Amino acid sequence: MAAHSARPRLTVLSGPSGVGKSTVVAHMRKEHPEVWLSVSATTRRPRPGERDGVHYFFVDDGEFDKLIANGELLEWAEFAGNRYGTPREAVMDRLDAGEPVLLEIDLQGARQIRESMPEAQLVFLAPPSWEELVRRLTGRGTEAPEVIERRLEAARTELAAESEFDTTLVNTSVEAVANELLALMRVA
């Protein structure tokens with residue numbers, strides 16, 4: 028019989044922009060407070076309704092450079108001209124305390140986690156169809172057409188990397204996906 032560590036596995040949720048990762052995470056935050064959701068640092072400007080320290084830690088480029096230089100990020104990536112990273116200490120503290128931890132990160136970050144923490148569970152969130160993904164991205168109304176085009180190009184690359192993940196969930200219903208994700212985390 029294999030020995031089991033007392034520490035739960037880190038679960039990573041990733042997928043293309045517009046697939047609904049943030050919506051699933053918001054549902055998890057509301058319905059499953061026992062799951063600790065890491066708050067990423069970003070150089071992106073806040074969207075309407077986003078609060079510093081709740082949705083992201085909003086930092087400038089200089090602060091982000093310091094986080095990288097000091098090894099304070101578990102992973103980091105650049106996407107659509109902005110940088111995103113996961114603060115290392117908070118994640119490790121929660122895992123050491125035996126709490127289930129969920130990270131919502133992009134493909135670059137997921138690959139870094141796979142490299143540094145091979146025991147992590149990587150979950151790919153897929154759209155029901157390419158057409159639905161395009162509709163979701165263009166329907167946001169928060170980005171310029173050139174930004175949307177960059178996100179669609181990145182989405183093609185991310186969808187092609189689906190096989191690098193341990194599990195794929197198709198986002199046809201936020202509640203259903205959140206429940207499937209929670210079930211995966213409980214058996215991890």
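Residue numbers (the working numbering): 28 to 215. Ideal Cβ placement from N, Cα and C applies to all residues, glycine included. On a predicted model such as this, the values are computed, not experimentally measured, just so you know.
Assumed close pair residue i, residue j - CB separation to whole angstroms, cut-off 8 angstroms
i, j, result
"Gly45", "Arg163", "4 angstroms"
"Gly112", "Trp103", "3 angstroms"
"Val62", "Pro127", "5 angstroms"
"Val150", "Phe106", "That belief does not hold up - the Cβ atoms of Val150 and Phe106 are roughly 19 angstroms apart, past 8 angstroms."
"Leu152", "Asn198", "5 angstroms"
"Lys57", "Glu131", "At roughly 15 angstroms, the Cβ-Cβ gap does not stay under 8 angstroms, so Lys57 and Glu131 are not in contact."
"Thr169", "Arg110", "Contact flag wrong, Cβ pair sits at about 19 angstroms."
Secondary structure of residue i, DSSP reduced to three states
i, result
"Ala29", "Per-residue confidence for Ala29 stands at a pLDDT of 39, beneath the threshold of 50, marking its modelled position as unreliable; the derived number appears in the next sentence. Coil at Ala29, not helix or strand."
"Phe91", "helix"
"Thr70", "coil"
"Ala210", "helix"
"Gly42", "coil"
Residues bridged to residue i (per DSSP)
i, result
"Ala153", "Val197"
"Phe84", "Ala68"
"Leu37", "Val128"
query = In chain order, which beta strand (DSSP E) runs of at least 3 residues are fully inside the region 96-144?
reply = 100-106, 109-114, 128-131
task = Flag this pair as touching only if the region 141-161 and the region 74-86 have three or more C-beta atom pairs under 8 angstroms; answer yes or no.
result = no
Three CB pairs or more closer than 8 angstroms across the region 174-193 and the region 39-56 = yes
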